[in-house]
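Residue numbers (full-length UniProt numbering): 1 to 155.
Even for Gly, the Cβ is constructed at its ideal location relative to N, Cα and C.
Heads up: the structure comes next, in structure tokens.
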Amino acid sequence: MSGFRATSRRSPVNRVRRPCGPGRPTGFTLIELLIAIAVVAILVGIAVPAYTEQAVKARRAEGKAALVEVAARLERCFTRFNAYDAPACQAAVNVASENGWYLVSAPTLTASAYTLNATPQRAQARDDTRCGTLTLTHTGVRGQSLTPPAGYACW
């Protein structure tokens, strides 16, 4: 093997040359753009309702937390004054939830019983079409103003 050396040079015949310069088409075709827009539209069509539903559930959790907090305040009042409707306990009701998505009120507040309502406010009132107003009684019974679909839990 005297002086013979194999090289890995590419042959110019195997190269594919693409035209460059002003005659070369650039960018996307109309079909490619329409396909991309259709894919984005499908993704948005799936993502937006899913996001909205999760936002409604998160806001509803805030309403439930506000109900439980007001109920705990009323129970503390009951242990101190032996009545839910003592004058010192009146400030515990009719409050807004932390971010204002629910307004907690007590339509029934007597010495021995109460019913609390958490009424949705602003966008929550519009978006929550499954549960509506949440309720909690002194016995711990939970409810809602709307009838949710089968298998859907408001609480």
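Could you tell me whether the Cβ atoms of residue i and residue j are closer together than 8 Å?
i           : j           : result
residue 122 : residue 155 : no
residue 131 : residue 107 : no
residue 112 : residue 152 : no
residue 120 : residue 129 : no
residue 81  : residue 72  : no
List the residues that DSSP assigns as beta-bridge partners of residue i.
i           : result
residue 95  : 104
residue 115 : 108, 137
residue 143 : 135
residue 87  : In DSSP, residue 87 forms no bridge with anything.
Residues in the same chain with beta-carbon distance under 8 Å from residue i, minus the five sequence neighbours each way, listed in chain order, please.
i          : result
residue 97 : 62, 63, 65, 66, 103, 104, 118
Compare the C-alpha of residue i against each of the options and name the closest.
i           : options       : result
residue 139 : 133, 120, 116 : 116
residue 136 : 28, 54, 74    : 74
residue 143 : 29, 60, 33    : 60
residue 124 : 87, 29, 53    : 53
residue 99  : 86, 33, 55    : 55
Enumerate in chain order the residues of its own chain whose CB-to-CB distance from residue i is below 7 Å, with the five nearest sequence positions on each side excluded.
i           : result
residue 110 : 84, 85
Three-pair Cβ contact test at 8 Å for the region 62 to 73 versus the region 37 to 53: no
Pair every Cβ in the region 89 to 101 with every Cβ in the region 37 to 44, then say whether three or more of these pairs are closer than 8 Å. no
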